[in-house]
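Numbering (our numbering), first residue to last: 19 to 152.
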């Protein structure tokens, strides 16, 4: 398995080297092995780990929860097949809740565009102004 430097891993994942270092320092990513000269060397498995981090961050999970989950997955003793399936079920439920919320927001935005006249929209805009008289 070919090893990558932090810069190479950053290029492949779209993260910055600083973001990768942050994930390591915060315990979300495991510390990589080091070369004899002290360079950090990352295996291909880090691509999967970072993709998982990016996907779960996009769902709104805090880094602490992401790190806990990755540690359970890597430990193997705390996460069995059924445990992983339950984790995936919960993630699907979270996605479905987010989809329902986004559908509601989209519905209200469509109403704003299509059902309200200009005067109603001006009134709505006034609610955001610091000086409502202007």
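Yeah, the Cβ is synthetic: ideal placement off N, Cα and C, and Gly gets one too.
So for residue 148, helix, strand or coil by DSSP? Walking along the chain shown from the start, residue 148 turns up at place 130. If DSSP states are grouped into helix, strand and coil, residue 148 belongs with coil.
Bridge-paired residues (DSSP) for residue 51: Along the chain shown, one-based indexing puts residue 51 at 33. Bridge partners of residue 51: 59.
Nearest-angstrom Cα distance between residue 45 and residue 84? Numbered from 1 along the chain shown, position 27 holds the residue referred to as residue 45. Numbered from 1 along the chain shown, position 66 holds the residue referred to as residue 84. Going from the Cα of residue 45 to the Cα of residue 84 covers about 10 Å.
Under a Cβ-count criterion, where at least 16 other Cβ atoms within 10 Å of its own Cβ denotes burial, should residue 113 be classed as buried or exposed? Residue numbering aside, residue 113 sits at position 95 when the chain shown is read from its first letter. Its Cβ having fewer than 16 others within 10 Å, residue 113 is exposed.
What are the boundary residues of the alpha helix (DSSP H) that includes residue 123? As a first step, residue 123 must be located in the chain shown, where it is residue number 105. Its alpha helix (DSSP H) spans residues 99–132.
Name the two residues that bound the continuous alpha helix (DSSP H) containing residue 77. For the purposes of this step, residue 77 is taken as residue 59 along the chain shown, with counting starting at 1. Where residue 77 is concerned, there is no enclosing alpha helix (DSSP H), given that its DSSP letter is neither H nor E.
Looking at C-alpha atoms only, which residue of 52, 68, 50 is the closest neighbour of residue 34? Numbered from 1 along the chain shown, position 16 holds the residue referred to as residue 34. Minimum Cα distance to residue 34 is reached at 68.
Roughly how many whole angstroms lie between the Cα atoms of residue 90 and residue 22? Along the chain shown, one-based indexing puts residue 90 at 72. Along the chain shown, one-based indexing puts residue 22 at 4. Near 25 Å, if we compare the C-alpha coordinates of residue 22 and residue 90.
Assign residue 130 to one of two classes, buried (16 or more other C-beta atoms within 10 Å of its C-beta) or exposed (fewer than that). As a position in the chain shown, residue 130 is number 112, starting the count at 1. The residue is exposed, with fewer than 16 neighbouring Cβ atoms inside 10 Å.
Does the distance from the C-beta atom of residue 64 to that of residue 102 stay below 7 Å? Position 46 of the chain shown, counted from the start, is the residue given in the question as residue 64. Position 84 of the chain shown, counted from the start, is the residue given in the question as residue 102. Their beta carbons are not under 7 Å apart, which means residue 64 does not touch residue 102 by this criterion.
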